[in-house]
Amino acid sequence: MSVLTVCPYCGTGCQLIVNDPGTGERVIGYSKSPVNHGKLCIKGYSGLSYNFSRERLKHPLIKKNGEFLRVSWEEALNATSTRLLEIIRKFGPDSVAFQSSAKCTNEENYLMQKIARMIGTNNIDHCARSCHSPTATGLITTLGAGAATGSIKSLEESKTYFVIGSNTTEQHPIIGTAVVSGRKNGKNLVVADPRKVQLAEIASIHLQFNPGTDVALLNSIMFVILEEHLEDVEFIKGRTQGFAEFKKEIEKYAPEITEGITGVKPDAIRETARLIAKGKPTSILYAMGITQHIHGTENVMSISNLALLTGNVGVRGAGIFPLRGQNNVQGSSDMGALSEWYPGYVPVDSPKVGYLEDLWKRVLPRKKGLSLSEMFDAAADGSLKAIYVMGENPLVTEAAISDVERGVDNLDLFIVQDIFMTLTAGMADIVLPASTSLEKEGTFTNTERRIQKVNKVYESPGEARPDWWILNEVGRRVAGMSNYGSPEEIFEEIGRSVPSYSGATYDNIYPIGKQWPINSDYPNGTEILHAKSFPIGRGKFVPVRYGPAAETVSEEYNLIMTTGRNYFHYHSGTMSRRADLLSRESPEPYVEISAEDARLLGIKNSQTVTIESRHGSIETKARITDKVPKGVVFVPFHYDESRVNRLVGKALDPLSKIPEFKVVAVRLLV
Ligand code: SF4
């Protein structure tokens, strides 16, 4: 038997076919997929063996006297509901919080946020907070929709790619391949990144700017576009608002002035401006290099300004592409698993919440809930008593880990639902064993808004159950929710709750998915957003002023550390480090350092070093490379034996509440 489903790793959302053992190649890419055209990267081809790991959680567990004891589902679900209800009765609904997951399906995210809201709290959030919350906040403000404006397929029609803060060939390899083949066919490619990422090697221009100076860089590019009259006058006049005020701000960013901030030569800025504005259509691709800053939302709005200024929105081959890290970041955000938005990005204090109250037959909370990072602070100060985590590993992935640990230690109740005994699950009072995405049905929405059907390939081990099944049981017991018989039933309700999903059914999105909005006007979905108008009428220019990062170097902490992922691993490594081949390729943590810094510090390749920041320290191996410039070090965050987020502080973007993972002042000790 062969089953068509979606890769469980990155947000590209490649479709793959898993064949029965003995029927030839075990995993192949789906040739008819408009996303991957039969191609897969190493994670898709060789990263699925974690499903069969002996370490899978197989039974519900309850901790008694510091030891996990195996219990029945009935006992685990009763303990979950009784203890949650007791806390709610005693301290009110805002004393509990839920952490959903971009690795889980739309149906599961929808259920978890609904449980929180039906209980009476907006304390629901998920890992998009730590990767793409600035995309939602920024693009909803400027364009009216927090999503990619085009399609992966339409990248073939771009004449220029502007890739900023994205190591595309390693993090979204199939999208990276599209850019590489475009470049081979003579398209322009500008890469803006403090690291010499693979795409930089083949770029027309590599802007190797100082970490955290994105706004100064983008504003100076726009300065040149205006100075040389390369803006799209017709688009600005006909489709935008706020241009005059925006222009006034941009006039301060001559490349000769910003060079002192960004470290980029004015000539390179001028050449970039010409390529972007004259080489249309231009696609702008970005990822967490843009978002994970205290100015993350402003960075995103700056990108939006650039697209509006050059008329690169709403046409094929152009657009803004926020590349999502995990497979279902887009979908879990669409489902409202965020503390400030109900499903469909309805603000929690909007009168529009009324339609959900009618649908769910419950008066719903209107106060903003706690964001992910705020939850652990509230736990530490005692105002939050219980956290329920689904499929996330915040003890590895969140900033300021010591504070996360302090918060978790202070909880009355900590529930974790996962496929492995992660560091986070190890601290739980109750552990609920879940199925992987290859063991269940549902949908994922990829980075280009494509809603795709996820199909069951394998049986779950032991008593592990799909997350939707567990949440259905918890929702009935804790929030008085009605019984859902299948993921499809939940998806039908999503269609009634989220307008952009209203025309999608399991039947009509199969086999290759459809891009939202899918509704009576667009029954086949929408490949290019904003073609004629924006949901907010006109696209909005927002003047963005450059401000420095939260941390700067000092005599003591003389290097800037930036964090990210590598080709072989994914997020906290829970899955990829249990996939034999991926683990073999990249088995241990490391820090990338330039040859010059290594020589100055007397560091040899593979030597164990201590990295120390103002917030903590870790040990890891040095890797001397020309990928990072002098003064900058890079550390991947996949390795729980050397948690780099111990070094990251608590500074947050005030607009989206994302921590600043990308600029941390550190020193290296041997
Ligand atoms: Fe999976 Fe992403 Fe690789 Fe595609 S590019 S196979 S979705 S990890």
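In short: position in the sequence shown from 1, add 502, done, that's the numbering used here. For glycine and all other residues, C-beta sits at the position ideal for the given N, C-alpha and C. These figures come from a predicted structure and were not determined experimentally.
Under DSSP, R967 forms a beta bridge with A936. L825 and V1168 have their C-alpha atoms roughly 28 Å apart. Here the alpha carbon of L915 sits roughly 36 Å from the alpha carbon of S1088. For the pair of segments examined, the stretch 1038-1047 was found to touch the stretch 731-749: the number of CB pairs separated by less than 8 Å reaches three. Closest in C-alpha terms to I1038, from the list L641, F664, I621, comes L641. Between K605 and C629, the alpha-carbon positions lie close to 9 Å from each other. Under the three-state reduction of DSSP output, W843 falls in the strand class.
Our two residues, D920 and N1107, have alpha carbons roughly 37 Å apart in a direct line. Closer than 8 Å to some heavy atom of the ligand SF4: that does not describe the Cβ of H561. Of the heavy atoms belonging to the ligand SF4, at least one sits nearer than 8 Å to the Cβ of L518. Taking a 10 Å sphere around the C-beta of G819, we find 16 or more other C-beta atoms and assign the residue as buried. Within the same chain, G549, S551, Y552 come within 6 Å of A1081 by CB-CB distance, once the 5 residues on both sides are set aside. V1166 is not a Cβ neighbour of T1028, given a cutoff of 9 Å.
The Cβ atoms of S875 and K1152 sit closer than 9 Å to each other.
With 16 or more other Cβ atoms from the protein chains shown falling within 10 Å of its own Cβ, E842 counts as buried.
Your pair T623 and V956 does not check out as a contact, with CB atoms roughly 29 Å apart and the cut at 8 Å. Rounded to the nearest angstrom, the Cβ distance from K541 to T679 is 7 Å, consistent with a contact under 8 Å.
Under the three-state reduction of DSSP, Y857 is assigned to helix.
In the three-state reduction of the DSSP assignment, L579 falls in the helix class, which pools H, G and I.
Around the beta carbon of S1078, a 10 Å sphere encloses 16 or more other beta carbons of the protein chains shown; the residue is thus reported as buried. By the neighbour-count criterion, in which 16 or more other beta carbons inside 10 Å mark a residue as buried, F554 falls on the exposed side. In this model, Y1012 and Q954 are separated by some 7 Å (Cα to Cα). Rounded to the nearest whole angstrom, the CA to CA distance from Q794 to N625 is 22 Å. The three-state reading of DSSP puts R1125 in strand, counting E and B together. Per DSSP, the beta bridge partners of A888 are V598, L915.
Under the three-state reduction of DSSP output, R1145 falls in the coil class, being neither helix nor strand.
A heavy atom of the ligand SF4 is found nearer than 8 Å to the CB of Y547.
Under the 10 Å beta carbon count, P1156 is surrounded by fewer than 16 other beta carbons and is classified as exposed.
Taking a contact to require three or more Cβ pairs closer than 8 Å, the stretch 935-955 and the stretch 649-660 qualify as touching.
Short note on I590: C-beta not closer than 8 Å to any heavy atom of the ligand SF4. When only Cα atoms are considered, V573 and T938 end up about 21 Å apart. Pairing D905 with A930 gives a Cβ-Cβ distance that is not under 9 Å. Look at Q1109 here: in three-state DSSP terms it is coil, with no helix or strand label.
With a cutoff of 8 Å, Y511 counts as near the ligand SF4, since its C-beta is closer than that to a heavy atom of the ligand.
Under the DSSP assignment, K780 falls in the alpha helix (DSSP H) whose first and last residues are 768-780. A residue is called buried when at least 16 other Cβ atoms come within 10 angstroms of its Cβ; N690 meets this threshold and is buried.
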